[in-house]
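*Asks:*
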Amino acid sequence: MSQLIKGAVRNRHPFIFIAPALIILILFSLIPILIALVISFTDMDLKGLANWSNISFIGFENYINLLSDTVFHKAVYNTFFYVIIGVPLVIIFSLGIALLLNYGKNLIFTVFRAVYFMPAITNIIAIAVVWGFLYNTEYGLFNYLLSLGDIGKVPWLEHPVIAKLSLILLAVWKGIGINMIIFLAALQGIPQSYYEAARIDGAKRWQILFYITIPLLRYAVFFVTVTTLIGWLQFFEEPFIMTRGGPLDGTVSMALFIYQRGFQFSEFGYAAAGSFVLFIVIIIVTLLQFKLRKADTEY
Amino acid sequence: MLKKKGFIYPTVLAMGLSAVLAGCGGSDSGEDSDAISVWAMGEEGKLLNEMTAGYEEETGVKVNVQAIPWDQAYDKLLTAVASGNGPDVLQLGTTWVAEFADAGALLDLTEHMEEYPDFDLENYFEGAQTSMKYDDQIVGIPWYVETRTMYYRTDLLEEVGYSEPPATWDELKDAASKLTESGDNDNVYGLDIDLNDQITPFIFAWQNGFEFDAENPNFDSPEFKGALEYYTSYFEEGISTTSEGIDIVQAFKDGQKPIFFSGPWMINIMNDQAPDLEGKWAVAPMPAQENNLSSIGGANFSVFHNSEKVDEALDFIAYMNEVDTQLEWMEKSNTLPSRLEAWESPELAEDEMYSVFGEQLENTKGAPPVKEWERIAQELLASIERINIGGADLDAEMDEFNSKVKSMLE
Amino acid sequence: MPSGKAKNNAEKWIATILLVVGGLIVSLPFLWMISSSFKPENEILQMPPTLIAENPTLQNYINLFTNLNFGIYLRNTLIIVLLSFVGLFFNAMAGYGFAKYHFKNKEKVFYLVLATMMIPGQVTMIPVYLLLNEMGLINTMAGIVLPGLAAAFSIFLFRMFMATIPTDLIEAARLDGAGEFYIFFRLIMPISKPIFAVQGILTFIAAWNSFLWPLIIANDESLYTLSVGLSLLKGQYASNFALQMAGAAFMVIPIIIIFSFFQKYIVEGFTTSGLK
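Residue numbers (the working numbering), protein chains in the order written: chain A, 1 to 299; chain B, 1001 to 1410; chain C, 2001 to 2276.
Below, the structure is given as structure tokens:
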């Protein structure tokens, strides 16, 4: 009997551990997402927000309109452009820097751990001003450096494709810090004994890196990949502060499109529909990664 | 007992959590039942706090001013509209009036107009009266106003033969292109047009005799197209640049951008950041084509639709809009008073900068009271970008823009 | 093996040089932010920008502290920081629950948790506000803190790290008669120091800079935070860059202190995963 009770209590523990966070998430994230889903089938605008009797259900009209909205098409294209180029760069750079920083524990390395974290804590207005200068076509530092090598002016933020690349560079710079400390923490989890064993076996440094360190960091790489993808699919801040989506909608992202429709034009129904398209894209991409990982070994 | 633990636990936890949180919150929100609440934006909100003492003394009604950052004001207003948790009085930028009035967020003041002679339409600039009305309601009282005028370098214009500022479109074009050519390098742009500014294209259009018809959008009319041709020609001919360049104050100082349009706030920025330029620059009214209309903006006071203290709210607005209070406010905030009468005072009428703004304010138009205006203006900027940078055909682009606006307003 | 050691040293030097060069480039905007806080306004947007103020001034800082209701804002910010560490603890518990227990539909529940990361925050802002309004939490600290208390990112991160702790260790503790909470506090938390340090840094930054909810939930300025106070200094037309940079520089100091404090746990946290 006591055995049975013990079993029941033990089975309850996972819920006790999960409940506080889960309750909060359900209340303040999942329920609002459901509400937003309902809104996406309505024509809600400011008038509707003020008085719900002004709202009418219009079925899939918002979604159908999205299909023919050329700005939305561009936003989808740009978002994938950002993700496909940017995400691998963030992962490679943050992992690379974490590995370099892991070389030593003396003062220089301590200082540089803070230095590489600085982009993550630099004020957004300072970022806009300084990068605005770096990218300035006429007076910017980048074009000045290029002119020394007799290379013509590059319209960093004034050409639709180049502007996208410029924003990716900025976002990579900004995104390294947080992922880097996650990798650093993961690196401490690798037992020294593995390295010692490998060294005794006469393994070279690169062999240790590729056959021990990186495989053992697999779970951290997985985490960083999943969360970075989720973050970059919602790419927003960089175009918002640097280009406002221009030139010629060349840098508008899905999240920026949603913001403009929702918070500049008050088309809440339409913006909600846009965000559910984004939501579904992110779910598919994320589930795909989990499935691929299953095929790999469970950690 | 043990079995129950798991069941009770979440409840206890939730209760404990809310108790802890509630304990920390609302400790001193000071629910003064007599106080009226006022929302004001950014720095003005902070300054307004210092202005309420006079009113509080006069009436015994306490005023709680909540300052809201400009960039998030819209978000805050949305939540107020959605929940009805608004203030009694709110500061509202003139371009937002139509949208919030349409949503029913602003109290109709029509029945109170007789009671408060300060609110009379005749007290305010003609251009500002547009923002007071929505449909046949009175939804706001202008608090302060702004308009755009022309800032120019007197010394540089003199060099190209203009001892007086250009007064017509043709003169402006001529002066600007001469300035462009006069520079020692190719970095001089005779006229600076801010491509992100929503109102500039409309200012040109009004000057060209354009009058927006909300019933039947007319952005394909010759007046509008002509104005845009004039606007875009500056970029085509290299007199203005689509490139970001350097900050306007420095460019003005260096003579790279010797003419630009801006509002009254620029006077202080110039004085603070380019003090050595004093005497080498001036402001002038807009150059004219058919007329020299400029835009009028600024902020209104409105009463939130479900305010329970309408009388106190109106008293407060009336107090703030007395001529003397407005002049005191101008001292503090460097914004321009909305009352015509205030402009007769010497500190405005005899100031060489402000008097130009006063003159221009007589010739202004407000943004049309259409709730889709923000979107229309954004669409226009996108169209202009396609013409300037993308090389699109102006005629076709404007026809397309007009049909977009038509479907928006349907 | 002298040659091996020399090689090792050379590698260390290359790593150091790479780090220094990269670090200088990476931290330029940060340095500019700090130096600009000592510049008069007219120097800020000068082209080309200067890294060292030509006419250094403390005026921005003086303006900053005379303009802010500093005491109240700081108090509110600190309360939010403390409460969000309660949230961090909830996230750690949830992460552990997902990592080391098996229960029905675990993965489905976990996908639900992840789903909360997948929609832009602006979309749910108004629904969340209306919910808080129904709960009577408008204009309370609870209303400001609750929406951000649990975070999927954090739960996911805890889960991934705690999954690498050998289950044998936990089983051994259970056999010794340790309770589940005892195990969590006495075994799991010490082992997970590095990841707690990472999360501590991230939680502190988020709470210290918290901006949108304090602004939206507060019906008067007594609930404003430092970030909200700073953003009030920005005019509609004139942006007061110098003053804002002073504010930003001031805001970043505690973050650096917290970072320096926690980072040693990131790299020196001991691990028992080798006991397998």
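Every residue gets a Cβ at the ideal spot worked out from N, C-alpha and C, and that includes glycine.
Note that the structure is a prediction, hence the values are computed from the model and not measured.
Let me know if C:T2066 comes out buried or exposed under the rule of 16 or more other beta-carbons within 10 Å of its beta-carbon.
*Replies:* Its Cβ having fewer than 16 others within 10 Å, C:T2066 is exposed.
*Asks:* Consider the Cβ of A:N11: report whether some Cβ of chain C lies at a distance smaller than 9 Å.
*Replies:* Taking Cβ atoms only, chain C reaches closer than 9 Å to A:N11, which makes this a yes.
*Asks:* Please decide whether A:T251 counts as near chain B, where near means a Cβ-Cβ distance under 9 Å.
*Replies:* It does not; no Cβ of chain B falls within 9 Å.
*Asks:* Determine, for C:M2125, whether the minimum Cβ-Cβ distance to residues of chain B falls below 9 Å.
*Replies:* It does: the Cβ of C:M2125 has a partner Cβ on chain B nearer than 9 Å.
*Asks:* Mind listing the chain B neighbours of A:N143? Cutoff is C-beta to C-beta under 7 Å, in chain order.
*Replies:* The contacting residues do not exist; A:N143 stays about 11 Å from chain B at best.
*Asks:* Is the beta carbon of A:V83 within less than 8 Å of some heavy atom of the ligand ADP?
*Replies:* In the structure shown, the ligand ADP is absent, as is every other ligand, since no ligand is present at all.
*Asks:* Using a Cβ-Cβ cutoff of less than 7 Å, which residues in the same chain neighbour A:L157 once the five nearest sequence positions on both sides are dropped?
*Replies:* Correct list, in chain order: Y135, A163, S166, M242, T243.
*Asks:* Which residues in the same chain have their Cβ closer than 8 Å to the Cβ of C:N2240, if we skip the five residues on either side of it in sequence?
*Replies:* Taken in chain order, the residues that qualify are E2041, L2233, K2234.
*Asks:* Does the beta carbon of C:L2019 come closer than 9 Å to any beta carbon on chain A?
*Replies:* With 9 Å as the cut-off, C:L2019 counts as an interface residue toward chain A.
*Asks:* When you check each C-beta in the stretch 1233–1256 of chain B against every C-beta of chain C, which residues fall closer than 8 Å?
*Replies:* So the close ones are I1246, D1247, V1249, Q1250.
*Asks:* Mind checking which residues open and close the beta strand (DSSP E) that includes A:F235?
*Replies:* Where A:F235 is concerned, there is no enclosing beta strand (DSSP E), given that its DSSP letter is neither H nor E.
*Asks:* With a CB to CB cut of under 6 Å and the five nearest residues on each side skipped, what residues in its chain are close to B:S1037?
*Replies:* Counting only Cβ-Cβ distances below 6 Å, and skipping sequence neighbours, we find N1064, P1087, D1088.
*Asks:* CB-CB under 6 Å to B:G1263, same chain, minus the five flanking residues each way: which ones, in chain order?
*Replies:* Within the same chain, B:G1263 has close Cβ partners E1146, R1148.
*Asks:* Any chance you could list the alpha helix (DSSP H) runs of at least 4 consecutive residues sitting entirely within the stretch 2117–2200 of chain C, in chain order?
*Replies:* The stretch 2117–2200 of chain C contains these whole alpha helix (DSSP H) runs: 2121–2134, 2141–2145, 2152–2162, 2167–2175, 2180–2183.
*Asks:* Just the C-alpha distance for B:P1287 and B:N1334, rounded to the nearest angstrom, thanks.
*Replies:* Straight-line Cα distance between these residues: approximately 25 Å.
*Asks:* Whose Cβ in chain A lies nearer than 7 Å to the Cβ of B:Y1074?
*Replies:* Near B:Y1074 (Cβ distances below 7 Å), the residues of chain A are F263.
*Asks:* What is the residue span of the alpha helix (DSSP H) that B:V1144 lies within?
*Replies:* Rather than Val, the amino acid found at residue 1144 of chain B in this sequence is Tyr. Note, B:Y1144: premise wrong, no alpha helix (DSSP H); beta strand (DSSP E) at 1141–1147.
*Asks:* Please return the same chain residues whose Cβ sits closer than 6 Å to the Cβ of C:L2083, not counting the five positions on each side in sequence.
*Replies:* Answer for C:L2083: V2145, listed in chain order.
*Asks:* Taking the CB atoms as reference points, tell me whether C:F2158 and A:G189 lie closer together than 9 Å.
*Replies:* Contact: no.
*Asks:* Would A:Y299 count as contacting chain C if we go by Cβ distances under 9 Å?
*Replies:* Summary for A:Y299: the model assigns pLDDT 42, below 50, so the residue's position carries little reliability; its value from the coordinates is reported in the next sentence. Closer than 9 Å: yes.
*Asks:* Note down, one range per segment and in chain order, each alpha helix (DSSP H) of at least 4 residues found wholly within the stretch 1357–1407 of chain B.
*Replies:* Here the runs fully enclosed are 1373–1388.
*Asks:* Identify every residue that forms a DSSP beta bridge with B:M1041.
*Replies:* Answer is B:I1068.
*Asks:* Would A:E138 count as contacting chain B if we go by Cβ distances under 9 Å?
*Replies:* Yes, A:E138 counts as interfacial toward chain B.
*Asks:* Measuring CB atoms only, is the stretch 1312–1321 of chain B touching the stretch 1128–1143 of chain B, in the sense that at least three cross pairs come out at less than 8 Å?
*Replies:* Enough Cβ pairs lie closer than 8 Å, so yes.
*Asks:* Using a Cβ-Cβ cut-off of less than 8 Å, give me the residues of the stretch 2219–2250 of chain C that come near chain B, in sequence order.
*Replies:* Answer set for the stretch 2219–2250 of chain C: N2219, D2220, E2221, S2222, L2223, V2228, S2231, L2232, L2233, K2234, G2235, Q2236, Y2237, A2238.
*Asks:* DSSP beta-bridge partners for A:T42?
*Replies:* The partner list for A:T42 (beta bridge, DSSP) reads A:F57.
*Asks:* Can you give me, in chain order, the residues of the stretch 2039–2069 of chain C that have a beta carbon less than 7 Å from any beta carbon in chain B?
*Replies:* Per Cβ criterion, the list reads E2041, N2042, L2045, Q2046, M2047.
*Asks:* Suppose you measure from the CA of A:G104 to the CA of C:K2264; what does that come to, to the nearest Å?
*Replies:* Roughly 13 Å between the two C-alpha positions.
*Asks:* For B:V1081, go through chain A and note every residue whose CB falls closer than 8 Å to its CB, in chain order.
*Replies:* Simply L46, L49, A50.
*Asks:* Give every residue of the same chain whose Cβ lies closer than 6 Å to the Cβ of A:F117, excluding the five residues on either side of it in the sequence, and list them in chain order.
*Replies:* Only G177 meet the Cβ criterion.
*Asks:* For a minimum of 3 consecutive residues, which ranges assigned as the beta strand (DSSP E) are wholly contained in the stretch 1291–1327 of chain B?
*Replies:* DSSP runs (the beta strand (DSSP E)) wholly in the stretch 1291–1327 of chain B: 1294–1303.
*Asks:* Closest to C:W2208 by C-alpha separation, out of C:G2121, C:A2053, C:T2225, C:T2050, would be which residue?
*Replies:* Of C:G2121, C:A2053, C:T2225, C:T2050, the residue nearest in Cα terms is C:T2225.
*Asks:* Work out the CA separation of B:K1076 and C:L2202 for me, nearest whole Å.
*Replies:* Their backbone Cα atoms lie some 27 Å apart in a straight line.
*Asks:* So for A:I151, helix, strand or coil by DSSP?
*Replies:* Of the three classes helix, strand and coil, the one that applies to A:I151 here is coil, per DSSP.
*Asks:* Taking the Cβ atom as the reference point for each residue, do B:Y1354 and B:I1267 lie within a distance shorter than 9 Å?
*Replies:* Their beta carbons are under 9 Å apart, which means B:Y1354 touches B:I1267 by this criterion.
*Asks:* On the three-state DSSP scale, how would you describe A:V269?
*Replies:* Looking at the sequence itself, residue 269 of chain A is Gly, so the reference to Val does not match. A:G269 falls in the helix class under three-state DSSP.
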